[in-house]
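Residue numbers for the sequence shown follow my numbering, beginning at 770 and rising by one. Every residue, glycine too, gets a C-beta built ideally from N, C-alpha and C. This report refers to the structure that appears directly beneath it.
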Amino acid sequence: MADQNPSSNGSECSDEQKQADVDSMLATITQIKDDGNSFFKKKEYHHAVEKYDVGIDTYKTFVRGDYDKSNTDALKKLKIVMGSMYNNRAFAYFRLEMFGQTVLDATNAIKFNFFKAYYRRGCANIALSKVGKAKKDFEKALEKFPSNKDIKSKLKLATTAWQQQKFFAAIATEAGKPVSQSIKLEDFASPNDSYDGPRLGDDDNVSAIDAQWIEQLHEHQRSGKTLHIRYVLIIMLEALKLFKNMKNVEFFELDEDDHKDNTAARNTVTICGDIHGQYYDYLHIFALNGMPSTRNAYLFNGDFVDRGSWSCEVILSMLALKLLYPRHFMMTRGNHETINMNNMYGFKGEVEHKYSAKVFDLFTEIFNALPLAYVLGKKVFVCHGGLMKKEGVSIDEIQTINRFQQPEEGVMTDILWSDPQDQRGLAPSKRGGGTMFGPDITEKFLKRNNLELIVRSHEVQEDGYKVLHNGKLITIFSAPNYVDQMGNKAAFIT
770 MADQNPSSNG
780 SECSDEQKQA
790 DVDSMLATIT
800 QIKDDGNSFF
810 KKKEYHHAVE
820 KYDVGIDTYK
830 TFVRGDYDKS
840 NTDALKKLKI
850 VMGSMYNNRA
860 FAYFRLEMFG
870 QTVLDATNAI
880 KFNFFKAYYR
890 RGCANIALSK
900 VGKAKKDFEK
910 ALEKFPSNKD
920 IKSKLKLATT
930 AWQQQKFFAA
940 IATEAGKPVS
950 QSIKLEDFAS
960 PNDSYDGPRL
970 GDDDNVSAID
980 AQWIEQLHEH
990 QRSGKTLHIR
1000 YVLIIMLEAL
1010 KLFKNMKNVE
1020 FFELDEDDHK
1030 DNTAARNTVT
1040 ICGDIHGQYY
1050 DYLHIFALNG
1060 MPSTRNAYLF
1070 NGDFVDRGSW
1080 SCEVILSMLA
1090 LKLLYPRHFM
1100 MTRGNHETIN
1110 MNNMYGFKGE
1120 VEHKYSAKVF
1130 DLFTEIFNAL
1140 PLAYVLGKKV
1150 FVCHGGLMKK
1160 EGVSIDEIQT
1170 INRFQQPEEG
1180 VMTDILWSDP
1190 QDQRGLAPSK
1200 RGGGTMFGPD
1210 ITEKFLKRNN
1220 LELIVRSHEV
1230 QEDGYKVLHN
1240 GKLITIFSAP
1250 NYVDQMGNKA
1260 AFIT
């Protein structure tokens, strides 16, 4: 009798197989997610992303095929796993500072009703300076998880950042008053006799800053002590005056006076990449390469602060050195010299803990005034991130930008955020800010501006540096074992 209806058993077996396939897929993807999570726990974020990629691609292939849609229990569990996997990949991308990809993955997680992803997307939007969107994300997250302290804290942070952004936007349009104009030094008393750090003298004159004063500052900070707040403000205000008078793109070349030296030592310019508050590693550069001087110039290429716990010490040393050697100690702005990154990655909290909220606001004003790039010896273009989406950008055009603000879009943002790629042309950046640019873009920019080399930073490199684009672009990174987990070397260029 069974032979009279062969299709019946075949159909039944097929349905059973489809159900088994759903259960099997749930087990497979769950295992892939767990493998990715294991890499994440070991802080191997690139490997975690690779695992999550496999899981997500496997799911996409599965749902395009024929499967048992009546197996609702397994499919419901599968969707929960996928929401979690998208959220976890978003978190891994966030750790890698690929904020654009974080937003995309968090959005996909939300589509799977994984509502914790509102929090993750909000964090990425803060980093991307989209504080209005971040505020909405945290509000939605709080609706779902009303007792979560982290969400409440981040909502408060986003609201504050939103207010700060409006304040500095008002300053940029001359509708507000800069913080530097509201500070009254008489409100900050001179240090008493118990203070054993470097002093500026009775007249609070920064002319007291010499090489010996710098060494005293370094040792004072190395011992875990802070520079007195009155001196901090005086140094910051004087440095701000210098930066305000500088161009968006500054030019540096050793002139004849730099070569007049009775010793056999040659004059040099050393380019350093990201420091990120790693104070002892910052000092180690000077131990290896000599202290800054008129015959040993330095250019620190952005991202001085955040991540590390000694960002105040790093930036205050830099500002003091800038006052001592205004031409030979150079600084460019990085993507971490911005309000939202400082809110997210620790500098704001560190400044407020060691000094005050007003000091942080003054740092923001200083960061807004930093040059965007340098040209060394008429041939080397140095900026933190890289090149631009816009075609035909010249140095002259960069000089016309109003840099005294928080970057949002356009050429200024690209200079701070972009990354090179091996492929020709442009591609969207996973960071969410700037662009990916290929060797042809580099070649055109150099030719258009009569330059020979680009030096940029912004990306961790295993060996501390990487040469790309047929030798016409070098990435330099100067924070070894970045955030105590990357295991990378550090480098500088002399």
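Original post:
CA-CA distance, residue 793 and residue 1069?
Top reply: Along the sequence shown, read from residue 1 onward, the residue named residue 793 stands at position 24. Along the sequence shown, read from residue 1 onward, the residue named residue 1069 stands at position 300. Straight-line Cα distance between these residues: approximately 54 Å.
**OP:** Give the straight-line distance between the Cα atoms of residue 1006 and residue 949, rounded to the nearest whole angstrom.
**Re:** As a working note, residue 1006 is residue 237 in the sequence shown. As a working note, residue 949 is residue 180 in the sequence shown. C-alpha separation (whole angstroms): 7 Å.
Subject >> Per DSSP, cross-strand counterpart(s) of residue 764 >> reply: Limits of the chain in this structure are 770 at one end and 1263 at the other, which puts residue 764 out of reach.
Subject >> Residue range of the unbroken beta strand (DSSP E) whose run includes residue 1235 >> reply: Along the sequence shown, one-based indexing puts residue 1235 at 466. That run of the beta strand (DSSP E) goes 1234-1237.
Original post:
Could you give the C-beta distance for residue 1072 and residue 1043, rounded to a whole number, given that I count them as a contact under 8 Å?
Top reply: Walking along the sequence shown from the start, residue 1072 turns up at place 303. Walking along the sequence shown from the start, residue 1043 turns up at place 274. Residue 1072 to residue 1043, Cβ: 4 Å. Contact.
**OP:** Specify the secondary structure class of residue 1108 as computed by DSSP and reduced to three states.
**Re:** In the sequence shown, residue 1108 corresponds to position 339, counting from 1. In this structure, residue 1108 counts as helix in the three-state DSSP scheme.
Original post:
Given that a residue counts as buried once 16 or more other Cβ atoms are within 10 Å of its Cβ, and exposed if not, what is residue 826?
Top reply: Residue mapping note: residue 826 aligns to position 57 of the sequence shown, counting from 1. Residue 826 is exposed by the Cβ-count criterion.
Subject >> Unbroken beta strand (DSSP E) run spanning residue 1193, endpoints >> reply: If you number the sequence shown from 1, residue 1193 lands on position 424. Looking at the DSSP string, residue 1193 is not in any beta strand (DSSP E), and its letter there is neither H nor E.
Subject >> Straight-line gap, residue 1129 to residue 799 (C-alpha atoms, nearest Å) >> reply: Translated into positions along the sequence shown, residue 1129 becomes position 360. Translated into positions along the sequence shown, residue 799 becomes position 30. If I take the Cα positions, the gap works out to 45 Å.
Original post:
Closest by CA to residue 824, which one among 1225, 847, 1011?
Top reply: Position 55 of the sequence shown, counting from 1, holds the residue named residue 824. With distances taken between Cα atoms, residue 824 lies closest to 847.
Original post:
Is residue 991 helix, strand or coil when you go by DSSP?
Top reply: Start at 1 with the first residue of the sequence shown, and residue 991 comes out as number 222. It is helical.
**OP:** For residue 749, count neighbouring Cβ atoms within 10 angstroms of its own Cβ and tell me buried if that reaches 16, exposed if not.
**Re:** The displayed coordinates of the chain run from 770 to 1263. Any statement about residue 749 would go beyond what the structure contains.
Original post:
What does a CB cutoff of less than 6 Å around residue 1000 pick up in its chain, not counting 5 residues either side in sequence?
Top reply: Indexing the sequence shown from 1 puts residue 1000 at position 231. Contacts found: 969.
Subject >> Residue of 1018, 963, 1009 minimising C-alpha distance to residue 994 >> reply: Residue numbering aside, residue 994 sits at position 225 when the sequence shown is read from its first letter. Of 1018, 963, 1009, the residue nearest in Cα terms is 963.
Subject >> the region 1187-1197 in contact with the region 1169-1177 per 3-pair CB rule at 8 Å >> reply: no
Original post:
Taking buried to mean at least 16 other C-beta atoms within 10 Å of its own C-beta, is residue 1093 buried or exposed?
Top reply: Residue numbering aside, residue 1093 sits at position 324 when the sequence shown is read from its first letter. Under this definition residue 1093 is a buried residue.
Original post:
What three-state label does DSSP hand residue 1136 in the structure shown?
Top reply: In the sequence shown, residue 1136 corresponds to position 367, counting from 1. In the structure shown, residue 1136 sits in a helix (DSSP, three-state: H, G or I).
Subject >> Whole-Å CB distance - residue 1224 paired with residue 1040, under 8 Å assumed >> reply: Walking along the sequence shown from the start, residue 1224 turns up at place 455. Walking along the sequence shown from the start, residue 1040 turns up at place 271. The pair is a contact, with the Cβ atoms about 5 Å apart (cut-off 8 Å).
Subject >> At least three beta-carbon pairs within less than 8 Å, the region 901-911 to the region 922-934 >> reply: yes
Original post:
Which whole runs of the alpha helix (DSSP H) in the region 1155-1240 are 4 residues long or more, in chain order?
Top reply: 1164-1168, 1180-1186, 1208-1217
Subject >> Local Cβ density within 10 Å of residue 1095, reported as buried at 16 or more and exposed below that >> reply: Counting from one through the sequence shown, the residue named residue 1095 turns up at place 326. Residue burial is scored here from C-beta neighbours: residue 1095 has fewer than 16 other C-beta atoms within 10 angstroms and is therefore classed as exposed.
**OP:** Report back the beta-carbon spacing between residue 1079 and residue 1048 to the nearest angstrom; my notes put them in contact at under 8 Å.
**Re:** In the sequence shown, the residue the question calls residue 1079 occupies position 310. In the sequence shown, the residue the question calls residue 1048 occupies position 279. Contact flag correct, Cβ pair sits at about 3 Å.
Original post:
Is residue 1061 buried or exposed, if buried means 16 or more other CB atoms sit within 10 Å of its CB?
Top reply: Working through the sequence shown from its first residue, we reach residue 1061 at position 292. By the neighbour-count rule (16 or more Cβ atoms within 10 Å), residue 1061 is buried.
Original post:
At which residues does the alpha helix (DSSP H) containing residue 887 begin and terminate?
Top reply: Walking along the sequence shown from the start, residue 887 turns up at place 118. In the DSSP annotation of this structure, the continuous segment of the alpha helix (DSSP H) that includes residue 887 starts and ends at 886-896.
Original post:
When we look at the beta-carbon of residue 833 and count the other beta-carbons within 10 Å, is it buried (16 or more) or exposed?
Top reply: The residue labelled residue 833 in the question sits at position 64 within the sequence shown. Answer is exposed; the Cβ neighbour count stays below 16.
Original post:
Is residue 1143 helix, strand or coil by DSSP?
Top reply: Position 374 of the sequence shown holds residue 1143. Strand.
Subject >> residue 1099 versus 1152, 1077, 1132, residue with shortest Cα-Cα distance >> reply: Here residue 1099 refers to the residue found at position 330 when the sequence shown is read from its first residue. Nearest C-alpha to residue 1099: 1152.
Original post:
Relative to the C-alpha of residue 1250, which residue among 812, 915, 791, 1220 is closest?
Top reply: Translated into positions along the sequence shown, residue 1250 becomes position 481. The option with the nearest alpha carbon to residue 1250 is 812.
Original post:
Under a Cβ-count criterion, where at least 16 other Cβ atoms within 10 Å of its own Cβ denotes burial, should residue 1146 be classed as buried or exposed?
Top reply: Here residue 1146 refers to the residue found at position 377 when the sequence shown is read from its first residue. Residue 1146 should be labelled exposed.
**OP:** Would you identify the three-state DSSP class for residue 1090, choosing helix, strand or coil?
**Re:** As a first step, residue 1090 must be located in the sequence shown, where it is residue number 321. Of the three classes helix, strand and coil, the one that applies to residue 1090 here is helix, per DSSP.
Original post:
Can you give the Cα-Cα distance for residue 1014 and residue 1238, rounded to whole angstroms?
Top reply: Position 245 of the sequence shown holds residue 1014. Position 469 of the sequence shown holds residue 1238. Spanning the two alpha carbons is a distance of roughly 34 Å.
Original post:
With respect to the alpha helix (DSSP H) encompassing residue 873, which residues constitute its N-terminal and C-terminal limits?
Top reply: Counting from one through the sequence shown, the residue named residue 873 turns up at place 104. Under the DSSP assignment, residue 873 falls in the alpha helix (DSSP H) whose first and last residues are 868-880.
**OP:** Identify the continuous alpha helix (DSSP H) that holds residue 1019 and give its terminal residues.
**Re:** Locating residue 1019 in the sequence shown gives position 250, where the first residue counts as 1. Premise fails: residue 1019 lies in the beta strand (DSSP E), 1018-1021, not in any alpha helix (DSSP H).
Subject >> Boundaries of the alpha helix (DSSP H) in which residue 1073 is found, first to last residue >> reply: Locating residue 1073 in the sequence shown gives position 304, counting from the first residue. Note, residue 1073: premise wrong, no alpha helix (DSSP H); not H, not E.
Original post:
Starting from residue 1101 and walking both ways along the beta strand (DSSP E), at which residues does that stretch end?
Top reply: As a first step, residue 1101 must be located in the sequence shown, where it is residue number 332. Residue 1101 -> beta strand (DSSP E) spans 1098-1101.
Original post:
Does the distance from the C-beta atom of residue 1058 to that of residue 1244 stay below 8 Å?
Top reply: What you label residue 1058 is simply residue 289 of the sequence shown in a count that begins at 1. What you label residue 1244 is simply residue 475 of the sequence shown in a count that begins at 1. Cβ distance not < 8 Å, so residue 1058 and residue 1244 don't count as in contact.
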